[in-house]
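Sequential numbering of the sequence shown, starting at 2, is according to our numbering.
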Amino acid sequence: MAEQTEDIVGLVESVVRPLIEFEDDLEITASNAEDGTILVEVRVHEEDAGKVIGRQGRVIKAIRTLARAAASRTNTHVEVELLD
Numbered sequence: 002m003a004e005q006t007e008d009i010v011g012l013v014e015s016v017v018r019p020l021i022e023f024e025d026d027l028e029i030t031a032s033n034a035e036d037g038t039i040l041v042e043v044r045v046h047e048e049d050a051g052k053v054i055g056r057q058g059r060v061i062k063a064i065r066t067l068a069r070a071a072a073s074r075t076n077t078h079v080e081v082e083l084l085d
């Protein structure tokens, strides 16, 4: 399970990092819930938040879709949250 969590975090990081200007402020943490859900929390500089969210939330929605698709290969549920 830990290896898959690292893979999901790597995927999210590889998508988010090119979008932002303040790369030093990027923090991605993952935790496993009791029900097996992987929660990925993304923190970015406040000026980069809009870039990660995208117009009408399209970018963050696409990131969530990619993470869920990657996790579905092993029947795992993933939640990606952008934190302020």
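The C-beta atom is built at its ideal place from N, Cα and C for all residues, glycine as well.
- Per DSSP, arginine 65 is one residue of the alpha helix (DSSP H) stretching across 59-73.
- Going by C-alpha positions, arginine 74 is about 32 Å away from histidine 46.
- For isoleucine 54, the enclosing alpha helix (DSSP H) covers residues 50-54.
- Between isoleucine 29 and the set Glu22, Leu40 and Glu35, the nearest pair of CA atoms involves Leu40.
- Glutamate 42 sits close to leucine 84, with the two beta carbons spaced by under 9 Å.
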